[in-house]
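Undergrad:
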Amino acid sequence: MHYRSYLIESFGCQMNLSDSERIASQLESLGCISVTDHEQADIIVMNTCCVRESAENRIFGRIGALKRLKTKNPDKVIIVAGCLAQKDQESIFRRASHVDIVLGTQNIDRLAEIINEKQRRKHWVESADYALDGLGESIGENRHAGVSAWIPVMYGCDNYCSYCIVPYVRGRERSRSTESILKEICAFAESGGKEVTLLGQNVNSYGKNLPGDWDFPRLLAEVDQIEGIRRVRFMTSHPKDFGDALIQVMATGKNICKHLHLPVQSGCNELLQRMNRRYTTEEYHRHVERLRTAIPEVSLTTDIIVGFPGETDEMFEQTLAFVAEMKFDAAFTFLYSQRSGTPAATMDEQVPHAVKQARLQHLMDLQNEISLAVNQYWVEKSVEVLADGPSKSDPSTYSGRTDQNKLVLWPTTPEDYPGRFATVRITSAQTFLLRGIAESERTGMQI
Ligand code: 5AD
Ligand code: SF4
4 MHYRSYLIES
14 FGCQMNLSDS
24 ERIASQLESL
34 GCISVTDHEQ
44 ADIIVMNTCC
54 VRESAENRIF
64 GRIGALKRLK
74 TKNPDKVIIV
84 AGCLAQKDQE
94 SIFRRASHVD
104 IVLGTQNIDR
114 LAEIINEKQR
124 RKHWVESADY
134 ALDGLGESIG
144 ENRHAGVSAW
154 IPVMYGCDNY
164 CSYCIVPYVR
174 GRERSRSTES
184 ILKEICAFAE
194 SGGKEVTLLG
204 QNVNSYGKNL
214 PGDWDFPRLL
224 AEVDQIEGIR
234 RVRFMTSHPK
244 DFGDALIQVM
254 ATGKNICKHL
264 HLPVQSGCNE
274 LLQRMNRRYT
284 TEEYHRHVER
294 LRTAIPEVSL
304 TTDIIVGFPG
314 ETDEMFEQTL
324 AFVAEMKFDA
334 AFTFLYSQRS
344 GTPAATMDEQ
354 VPHAVKQARL
364 QHLMDLQNEI
374 SLAVNQYWVE
384 KSVEVLADGP
394 SKSDPSTYSG
404 RTDQNKLVLW
414 PTTPEDYPGR
424 FATVRITSAQ
434 TFLLRGIAES
444 ERTGMQI
């Protein structure tokens with residue numbers, strides 16, 4: 004059987020998007036091209052997430068929906084990859100017998116080989132082998148198209164936050180070799196790339212398993228020197244490993260974006276301790292103070308979980324007070340989700356769903372007010388925006404992002420194209436975006 008086309012559905016975080024790019028490279032090495040129609044695709048990959056139960060249920064729904072296509076065309080290959088594949092392995096075949104391949108998180112680079120051999124067996128489970136020390140170093144360079152690329156710098160996580168399943172499905176922390184990272188980014192820059200986002204579950208512990216004295220600030224400074232790359236982003240930072248060395252590089256770098264995603268998870272020290280986060284709200288506060296002093300106009304985003312086991316009204320109030328004080332640009336807020344196998348799943352005092360939901364709503368209302376107020380700062384200012392393309396719902400509007408990672412919309416001008424750096428004068432602010440008018444390149448006047 005010769006496979007000609009593929010379609011990948013990606014769920015979850017940026018690391019999954021990056022893995023999807025690697026999956027796509029593997030499939031393209033087999034001669035397949037990307038298509039958008041499920042009926043037409045010879046190979047369908049579901050690249051899954053299991054960080055919360057809600058994601059999991061949605062994905063099983065999507066996998067179930069593929070059964071009809073497989074019945075109609077039994078030659079179609081259905082692959083389930085990613086974190087849920089790693090977690091549930093064989094049981095995915097029981098729940099969805101039309102699935103052909105379950106691919107663990109550490110076997111992406113073997114996908115082409117696995118498909119080539121597929122005819123010989125019915126079901127395949129390719130799960131992780133965490134014993135492979137230094138696996139990160141063997142991860143090859145990927146080719147990227149377009150102007151922006153996700154660049155994984157490390158895999159896995161050793162932090163074992165008590166609510167989180169990631170360390171169990173992505174294995175031990177492994178840094179990728181600096182040489183390989185820089186090579187990939189240089190090749191991307193040569194092909195017209197302008198923006199990179201360095202990815203890892205905890206980028207601040209980059210380099211721990213590498214020879215030499217590589218650490219994340221040093222890597223970031225090195226990436227900042229690559230010619231052609233105009234924006235360098237990174238995520239995610241863990242507050243326990245965040246510090247002045249990184250602030251220094253962010254402040255003095257030429258192309259490092261003024262944006263930090265620093266998940267706080269809770270504004271209550273007792274809960275932070277039970278979450279095994281290993282920092283206090285006071286320490287977090289100090290990081291933010293130093294950051295904001297060193298980099299005026301820096302934007303700060305965070306993640307917060309509500310309804311962690313044992314969270315009382317009073318503890319939740321502490322989180323609200325902390326959020327009010329920090330004035331985050333944006334917060335990703337989550338209902339705590341019980342993940343079996345994690346320590347928090349068996350803790351006493353699980354919070355009832357209705358209570359969690361009410362708290363989440365309260366927190367979102369507060370943060371939305373803050374985001375709107377913070378965004379007002381940009382009104383009447385001119386900002387440099389990296390243009391993405393016309394808005395899908397309204398082609399007369401163009402969209403792009405600022406250095407601070409704020410979404411900006413403006414009326415499309417003849418000068419706009421994806422990948423252009425446009426200067427946009429902001430005219431109004433909303434909770435999740437800014438609106439403005441592009442200034443003409445030639446005259447500096449608004450059009
Ligand atoms: N329940 C709710 N949110 C979770 N996260 C991770 N695990 C869970 C869970 N069990 C959130 C954290 C993390 C983000 C990526 O997902 O806030 O920073
Ligand atoms: Fe999960 Fe904590 Fe690791 Fe983030 S740092 S992936 S929340 S265990």
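When we follow the numbering used here, the leftmost residue of the sequence shown carries the number 4, and every step to the right adds one.
Glycine included, each C-beta is placed from N, C-alpha and C at the ideal position.
If you're wondering where the values come from, they're calculated on a predicted model, not measured in any experiment.
1. Can at least three beta-carbon pairs, one atom from the segment 250-266 and one from the segment 320-327, be found at a separation below 8 Å?
2. Helix, strand or coil, according to DSSP, for residue 210 in the structure here?
3. From this set, 360, 167 and 23, which residue's C-alpha is nearest residue 111's C-alpha?
4. Exposed or buried, which one is residue 148 when buried takes at least 16 other CB atoms within 10 Å?
5. Roughly how many angstroms separate the alpha carbons of residue 198 and residue 21, rounded to a whole number?
6. CA-CA distance, residue 213 and residue 80?
7. With 16 as the cutoff for other CB atoms within 10 Å, does residue 408 come out buried or exposed?
8. In chain order, which beta strand (DSSP E) runs of at least 3 residues are fully inside the segment 61-92?
9. Hey, residue 421 and residue 397: beta-carbon distance below 8 Å or not?
10. If you measure from the CB of residue 53, is any heavy atom of the ligand 5AD nearer than 7 Å?
11. Curious, which full-length beta strand (DSSP E) runs of at least 3 residues does the segment 171-237 contain?
12. If you follow the alpha helix (DSSP H) that residue 419 is in, where does it begin and where does it stop?
13. Would you say the beta carbon of residue 66 is closer than 7 Å to some non-hydrogen atom of the ligand 5AD?
14. Taking 7 Å as the cut-off, is the C-beta of residue 155 nearer than that to any heavy atom in the ligand 5AD?
15. Leaving out five residues on either side along the sequence, give the residues of the same chain with a beta carbon under 7 Å from the beta carbon of residue 377.
16. Is any heavy atom of the ligand SF4 found at a distance shorter than 7 Å from the C-beta of residue 170?
17. Taking the straight line between their C-alpha atoms, what separation do you get for residue 227 and residue 113?
18. Can you tell me whether residue 131 is buried or exposed, with buried defined as 16 or more other CB within 10 angstroms of its CB?
19. By the 10 Å Cβ neighbour count, where 16 or more other Cβ atoms means buried, how is residue 43 classified, buried or exposed?
20. For residue 451 versus residue 50, is the C-beta distance shorter than 8 Å?
21. Name the residue from 74, 77, 67 and 71 whose alpha carbon lies nearest to the alpha carbon of residue 83.
TA: Per the coordinate set shown:
1. Flag = no, the segment 250-266 and the segment 320-327 do not touch.
2. Your numbering for residue 210 matches position 207 in the sequence shown. Coil, per DSSP.
3. The residue given as residue 111 occupies position 108 in the sequence shown. Scanning 360, 167 and 23 for the CA closest to the CA of residue 111 turns up 23.
4. For the purposes of this step, residue 148 is taken as the residue at position 145 of the sequence shown. Answer is exposed; the Cβ neighbour count stays below 16.
5. Translated into the one-based positions of the sequence shown, residue 198 becomes position 195. Translated into the one-based positions of the sequence shown, residue 21 becomes position 18. One C-alpha to the other measures close to 14 Å.
6. Within the sequence shown, residue 213 is the residue found at index 210, counting from 1. Within the sequence shown, residue 80 is the residue found at index 77, counting from 1. Approximately 38 Å between the Cα atoms of the pair.
7. Taking the sequence shown and counting its residues from 1, the one referred to as residue 408 is at position 405. By the Cβ neighbour-count rule, residue 408 is buried, with 16 or more other Cβ atoms within 10 Å of its own.
8. Listed in chain order, the complete beta strand (DSSP E) runs (minimum 3 residues) inside the segment 61-92 are 80-85.
9. To locate residue 421, count along the sequence shown from 1; it is residue 418. To locate residue 397, count along the sequence shown from 1; it is residue 394. Here residue 421 is not near residue 397, since their CB atoms are 8 Å or more apart.
10. For the purposes of this step, residue 53 is identified with residue 50 of the sequence shown, where counting begins at 1. Every heavy atom of the ligand 5AD is 7 Å or more from the Cβ of residue 53, so no.
11. As far as the segment 171-237 is concerned, its whole beta strand (DSSP E) runs of at least 3 residues are 198-202.
12. As a working mapping, residue 419 is identified with position 416 in the sequence shown. No residue range can be given for residue 419, since it is assigned to no alpha helix (DSSP H) and is classified by DSSP as neither H nor E.
13. Position 63 of the sequence shown, counted from the start, is the residue given in the question as residue 66. Residue 66 Cβ: outside cutoff for every heavy atom of the ligand 5AD.
14. Within the sequence shown, the letter at position 152 stands for residue 155. Placement of the Cβ of residue 155 at a distance of 7 Å or more from every heavy atom of the ligand 5AD is found.
15. Along the sequence shown, read from residue 1 onward, the residue named residue 377 stands at position 374. Only 330 and 332 meet the Cβ criterion.
16. Within the sequence shown, residue 170 is the residue found at index 167, counting from 1. Yes; taking the cut-off as 7 Å, the Cβ of residue 170 has a heavy atom of the ligand SF4 nearer than that.
17. Here residue 227 refers to the residue found at position 224 of the sequence shown. Here residue 113 refers to the residue found at position 110 of the sequence shown. So the alpha carbons of these two residues sit roughly 32 Å apart.
18. Position 128 of the sequence shown, counted from the first residue, corresponds to residue 131. With a pLDDT of only 40 at residue 131, under 50, the local geometry of the prediction cannot be trusted, and the value read off the model is given with reservation. Classification of residue 131: buried, given that the 10 Å Cβ count is 16 or more.
19. Position 40 of the sequence shown, counted from the first residue, corresponds to residue 43. It is exposed - the Cβ of residue 43 has fewer than 16 other Cβ atoms within 10 Å.
20. For residue 451 there is no data in the structure shown, the boundaries of the chain being 4 and 450.
21. On the sequence shown, position 80 is the one that residue 83 refers to. When C-alpha distances from residue 83 are compared across 74, 77, 67 and 71, the shortest belongs to 67.
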